[in-house]
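Novice:
Numbering (this note's numbering), first residue to last: 10 to 218.
#1: Tell me where the alpha helix (DSSP H) around residue 191 begins and ends.
#2: If you reduce the DSSP assignment to three classes, tell me which class residue 12 lands in.
#3: Rounded to a whole number of angstroms, what is the C-alpha to C-alpha distance between residue 197 and residue 60?
#4: In angstroms, rounded to a whole number, what distance separates the CA positions of residue 115 and residue 203?
#5: Could you spell out the range, first to last residue, of the beta strand (DSSP E) harbouring residue 182?
#6: If I'm right that residue 22 touches residue 105 with Cβ under 8 Å, what's the distance once you round it to whole angstroms?
#7: Should the region 86 to 102 be regarded as contacting the region 153 to 164, the criterion being three or more beta carbon pairs within less than 8 Å?
#8: Would residue 187 and residue 130 qualify as a contact pair, given that the criterion is a beta-carbon distance under 8 Å?
#9: Leaving out five residues on either side along the sequence, give the residues of the same chain with a beta carbon under 7 Å from the beta carbon of residue 153.
#10: Return the first residue and the last residue of the alpha helix (DSSP H) that residue 145 is part of.
#11: Do residue 98 and residue 83 have their C-beta atoms closer together than 8 Å?
#12: Can you find the residues in the same chain that come closer than 6 Å, C-beta to C-beta, to residue 127, ignoring five residues on each side of it along the sequence?
#13: If the criterion is Cβ atoms closer than 8 Å, does the pair residue 48 and residue 147 meet it?
#14: Tell me the DSSP secondary structure of residue 79 in three-state form.
#15: Measure the alpha-carbon distance for residue 167 versus residue 157 and round it to whole angstroms.
#16: Per DSSP, which residues does residue 104 bridge with? Please list them.
#17: Hey, quick one: how far does the alpha helix (DSSP H) through residue 25 stretch, first residue to last?
#18: Which residues does DSSP pair with residue 62 in a beta bridge?
#19: Let me check one thing: in DSSP terms, what residues is residue 45 bridge-paired to?
#20: Less than 8 Å between the C-beta atoms of residue 20 and residue 112, yes or no?
#21: Classify residue 17 as buried or exposed, calling it buried when 16 or more other Cβ atoms lie within 10 Å of its own Cβ.
This is the structure we're talking about:
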């Protein structure tokens, strides 16, 4: 996808929420996979689709040093919902695509498959697993979500899907996404050192000729 095909109506947002306790307290976004920080890898993936990319964080300096635009949460409580709120608040576009900073193998083909189903009449477009669980950190959100999200945060409610009944949601079954991402690597998190090494091995396999 060349620059001429990038979407000007969607901001790509990477949620970099802080220290990974199961990773020994290090900042997972700055760990390297495939020879570059995960956050840089994700920014490159999203940059192929969206003109505006931002990182939601409590500490902008490391990301600004990488040449990335960093914005801060507007609520004190750390949560993914807080990050979604910040992304929507700071984005100048009708939609935001949200991903987590510990999913280094986000597949361009999966983003493209979701993007094909994004229409102006939707407020949330999110994958849903066979067991009914959403993947809300690999999803599109419209600016119409900002008010309902803020209302939840003001009540100290942090479960992302709690606001879904108030907006127009399209749940995309992961079965429809397997053609783009057969092993669903886009949802694979690096929560522990062992998982990080597994993802590094998969990334090395991806780059082999």
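Glycine is no exception: its CB is placed at the ideal position from the N, C-alpha and C atoms.
Specialist: This is what the structure holds:
#1: No alpha helix (DSSP H) holds residue 191; DSSP gives it neither H nor E.
#2: Unreliable placement is indicated for residue 12, whose pLDDT of 47 sits below 50; no coordinate value is reported for it.
#3: Pairing residue 197 with residue 60, the inter-Cα distance amounts to about 25 Å.
#4: Roughly 19 Å separates the two Cα atoms.
#5: Looking at the DSSP string, the run of the beta strand (DSSP E) that includes residue 182 is 178 to 182.
#6: That pair is a contact at about 5 Å.
#7: Contact between the region 86 to 102 and the region 153 to 164 is present, because at least three Cβ pairs lie under 8 Å.
#8: Their beta carbons are not under 8 Å apart, which means residue 187 does not touch residue 130 by this criterion.
#9: Within the same chain, residue 153 has close Cβ partners 132 and 176.
#10: Looking at the DSSP string, residue 145 is not in any alpha helix (DSSP H), and its letter there is neither H nor E.
#11: With contacts defined by Cβ atoms closer than 8 Å, residue 98 and residue 83 form a contacting pair.
#12: Cβ-Cβ distances below 6 Å link residue 127 to 134 and 149 in the same chain, with the five nearest sequence neighbours on each side left out; the list follows chain order.
#13: No, the Cβ-Cβ distance between residue 48 and residue 147 is not below 8 Å.
#14: Note: residue 79 maps to strand in three-state DSSP.
#15: Distance from the CA atom of residue 167 to the CA atom of residue 157, rounded to whole angstroms, is 12 Å.
#16: 19 and 151.
#17: First-last for residue 25: undefined, no H or E at that position.
#18: For residue 62, which the question treats as bridged, DSSP gives the partners 21.
#19: DSSP, once it has assigned bridges, lists 42 as partnering residue 45.
#20: In this structure, residue 20 lies away from residue 112, with their beta-carbon atoms at least 8 Å apart.
#21: That one is exposed.
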